[in-house]
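Trainee: So the sequence shown is residues -26 to -1, 1 to 234, counted in mature numbering (1 follows the signal peptide of the UniProt record, and there is no 0). All C-beta atoms in this analysis are idealised placements derived from N, C-alpha and C, irrespective of residue type, glycine included. Provided herewith is a single structure, encoded as structure tokens, for subsequent inquiry.
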Amino acid sequence: MLFLSKRARIQFALLTLCLSPIPLSASGSSSPQEQRIGVLESQVDAIIKIQKWQGCPTPLCSSTVAQTRHDLRAHTEASGKRFLELNNRLDTAESAQQSLRDNTMRHMALAPGGEDAPLPVASAPGSVAIGTGSVADSPDTAAFGNRRLVRVAAGRAPGDAVNVAQLGAVRSRLEQRIADVDSRARKGIALTVAMAALKPHPGSAKQHQVALGVGQYRDRQGLALGYFHVPNDRFMMHAGLAVSGSTDQAAAALGAVWSW
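Take a look at the structure:
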């Protein structure tokens, strides 16, 4: 170094400064790009000062340095904007995911405050499990975990489900039909009892006899009227008519008797 000329020493110092590694600050307040730009600016400023101090005829062009600074800062700003954009998109995705998770917990699976509640399990093919603790272990089934399925519209197609209102209407009609059958059966039994009460007078020698019979079964009554014709002591013909309650249910009978 002592035997080098002044110009050579300056060039050697510049070369050493340019080839030296660029340290990065440990501070977390700025990005690596900004730290690198700051170091480069310091080195360029040092080179310009040395050249001006030595009166170098061809100093480093300050406009080129300014353009380099501008390009580096533009690249850094673009990278920062891209980072902020990606960060905002990530925040939006996380917010949407959290909203979906909250809606799912509120409407389908988890109980309020039930992070530890058992999740629904659908272990069979084609099965669906809805609600905490629901288990669908049979193929092509839907499990609700012993819950009520509410607000179900009335079914229309053959494969639709029915609601309680529809089932209640069918039950009412069925119960009414059963009650009607029971009432008619009781009336029929009362008619039979009344018809069985019609008997001819065995000791009468008259050819014409009229009989009246009454029957009772539970809360139903029957009334019967009979006619007997005895033309001789070997032949008898009889007929009967019975009604119960009103004339909507009636019964008739016709018979003959021979003796020898």
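1. To the nearest angstrom, how far is the alpha carbon of arginine 58 from that of glutamate 51?
2. Secondary structure at glutamine 195, three-state DSSP: helix, strand or coil?
3. Okay, do the stretch 163 to 183 and the stretch 136 to 146 touch, 3+ Cβ pairs below 8 Å being the bar?
4. For leucine 215, report the span of its beta strand (DSSP E) as first-last.
5. According to DSSP, valine 206 sits in a beta bridge with which residue or residues?
6. Going by DSSP in three states, glutamine 181 sits in which element: helix, strand or coil?
7. Kindly give me the distance between the Cβ atoms of alanine 227 and valine 217, rounded to whole angstroms, as I take these residues to be in contact under 8 Å.
8. Can you look up glycine 200 in the DSSP assignment and give me helix, strand or coil?
9. What whole-angstrom Cβ distance do serine 108 and alanine 98 have, given they're in contact under 8 Å?
10. Going by DSSP, name the residue or residues bridged to alanine 117.
11. Just mark arginine 147 as buried or exposed, buried being the case when its beta carbon has 16 or more other beta carbons within 10 Å.
12. Quick one: residues in its chain with C-beta nearer than 6 Å to the C-beta of glutamine 195, no 5 flanking neighbours on either side, listed in chain order?
13. Note down the Cα distance separating valine 231 from lysine 180, rounded to an integer number of angstroms.
14. Which value, in whole angstroms, describes the spacing of the CA atoms of residue 236 and tyrosine 201?
15. Run the CB neighbour count on leucine 161, radius 10 Å, all protein chains shown included, and call it buried at 16 or more, exposed below.
16. Between the Cα of phenylalanine 209 and those of Tyr191, Pro176, Gly219 and Asp193, spot the shortest distance and give me the residue it belongs to.
17. My guess is that histidine 182 and histidine 203 are in contact by the Cβ rule of under 8 Å, so how many angstroms apart are they, rounded?
18. Can you tell which of Asn61, Ala48, Trp234 and Ala135 has the C-alpha that lies nearest to the C-alpha of arginine 125?
19. Are the CB atoms of phenylalanine 118 and glycine 105 nearer to each other than 8 Å?
20. Rounded to whole angstroms, what's the CA-CA distance from serine 233 to leucine 197? Just pull it up for me.
21. Glycine 189: buried (16+ other C-beta within 10 angstroms of its C-beta) or exposed?
22. Do leucine 172 and glycine 214 count as a contact pair if the criterion is CB distance below 8 Å?
23. Any Cβ of chain D within less than 8 Å of the Cβ of alanine 67?
Mentor: From the atom records:
1. For the purposes of this step, residue 58 is taken as the residue at position 84 of the sequence shown. For the purposes of this step, residue 51 is taken as the residue at position 77 of the sequence shown. In the sequence under discussion, the amino acid at residue 58 is leucine, which differs from the arginine named in the question. Taking the straight line from one Cα to the other gives about 10 Å.
2. Translated into positions along the sequence shown, residue 195 becomes position 221. Of the three classes helix, strand and coil, the one that applies to glutamine 195 here is strand, per DSSP.
3. no
4. Mapped onto the sequence shown, residue 215 falls at position 241. Residues 209 to 218.
5. Position 232 of the sequence shown, counted from the first residue, corresponds to residue 206. Note that residue 206 is asparagine in the sequence shown here, rather than valine. Asparagine 206 is bridged to Phe209.
6. For the purposes of this step, residue 181 is taken as residue 207 along the sequence shown, with counting starting at 1. In this structure, glutamine 181 counts as coil in the three-state DSSP scheme.
7. In the sequence shown, the residue the question calls residue 227 occupies position 253. In the sequence shown, the residue the question calls residue 217 occupies position 243. With 8 Å as the limit, alanine 227 and valine 217 do not qualify as a contact, their Cβ atoms being about 13 Å apart.
8. Position 226 of the sequence shown, counting from 1, holds the residue named residue 200. Note: glycine 200 maps to strand in three-state DSSP.
9. As a first step, residue 108 is located in the sequence shown; it is residue number 134 there, counting from the start. As a first step, residue 98 is located in the sequence shown; it is residue number 124 there, counting from the start. Serine 108 to alanine 98, Cβ: 13 Å. No contact.
10. Counted from its first residue, the sequence shown places residue 117 at position 143. DSSP lists Ala103 as partners of alanine 117.
11. Locating residue 147 in the sequence shown gives position 173, where the first residue counts as 1. Under this definition arginine 147 is an exposed residue.
12. If you number the sequence shown from 1, residue 195 lands on position 221. Closer than 6 Å at the Cβ level, and outside the excluded window around glutamine 195, lie Ala164.
13. For this step, residue 231 is matched to residue 257 along the sequence shown. For this step, residue 180 is matched to residue 206 along the sequence shown. Answer to the nearest angstrom: the Cα atoms are 16 Å apart.
14. Coverage of the chain is limited to positions -26 through 234, which leaves residue 236 absent and any answer about it impossible.
15. The residue labelled residue 161 in the question sits at position 187 within the sequence shown. Residue identity check: residue 161 is lysine in the sequence provided, not leucine. So lysine 161 counts as buried.
16. As a first step, residue 209 must be located in the sequence shown, where it is residue number 235. With distances taken between Cα atoms, phenylalanine 209 lies closest to Pro176.
17. Residue 182 sits at position 208 when you count from the first residue of the sequence shown. Residue 203 sits at position 229 when you count from the first residue of the sequence shown. Right, the Cβ-Cβ distance comes to about 6 Å (below 8 Å), so this counts as a contact.
18. Start at 1 with the first residue of the sequence shown, and residue 125 comes out as number 151. It is Ala135 whose Cα lies nearest to the Cα of arginine 125.
19. The residue labelled residue 118 in the question sits at position 144 within the sequence shown. The residue labelled residue 105 in the question sits at position 131 within the sequence shown. Yes. Within cutoff.
20. The residue labelled residue 233 in the question sits at position 259 within the sequence shown. The residue labelled residue 197 in the question sits at position 223 within the sequence shown. So the two alpha carbons sit approximately 29 Å from each other.
21. Working through the sequence shown from its first residue, we reach residue 189 at position 215. Glycine 189 comes out buried.
22. Residue 214 sits at position 240 when you count from the first residue of the sequence shown. Residue 172 sits at position 198 when you count from the first residue of the sequence shown. Result yes, Cβ atoms of glycine 214 and leucine 172 sit closer than 8 Å.
23. Protein chain content of the structure displayed is limited to a single chain, and chain D is not contained in it.
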